[in-house]
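Taking it in order: structure first as structure tokens, then the write-up.
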Amino acid sequence: MKLLGDPQGIEELKFFSENDEKKEYLKLLLNEAKTNTDNTTTFKDRDNSVKYTLIYNPGSGDFTIDKA
Numbered sequence: 012m013k014l015l016g017d018p019q020g021i022e023e024l025k026f027f028s029e030n031d032e033k034k035e036y037l038k039l040l041l042n043e044a045k046t047n048t049d050n051t052t053t054f055k056d057r058d059n060s061v062k063y064t065l066i067y068n069p070g071s072g073d074f075t076i077d078k079a
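Residue 60 in the numbering used here sits at position 49 of the sequence shown, with consecutive numbering throughout.
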């Protein structure tokens, strides 16, 4: 699994993985992107100021983060 796309979005996901309170939220986001019919989900940064789209590529298993 690779994280591709917007560097700030990738940093936010890394922040979620390093924060014990946000780890479950990160798992939820990844699972939601994998199971949605369009393989996408959205999330906001820790300040709720920037919205990102998380896109799952089932062929490669990679995730791409774009600003929404």
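Each residue gets a CB set at the ideal place from its N, CA and C atoms; glycine is no exception.
Item	Value
Beta-carbon proximity of Phe54 to Tyr63, cut-off 7 Å	yes
Beta-carbon contacts of Leu37 that lie in its chain and below 7 Å, excluding the five residues immediately before and after	Leu24, Phe27 and Ser28
Same chain, Cβ closer than 7 Å to Leu73, five either side skipped, listed in chain order	Per the sequence shown, residue 73 should be read as Asp rather than Leu. Counting only Cβ-Cβ distances below 7 Å, and skipping sequence neighbours, we find Met12, Lys13 and Leu15.
Distance, Glu35 Cα to Ile76 Cα	19 Å
Cβ-based neighbour list, Glu50, same chain, cut-off 7 Å, excluding 5 preceding and 5 following	The question names Glu, but residue 50 is Asn in the sequence shown. Here the set comprises Ala44, Ile66, Tyr67 and Pro69.
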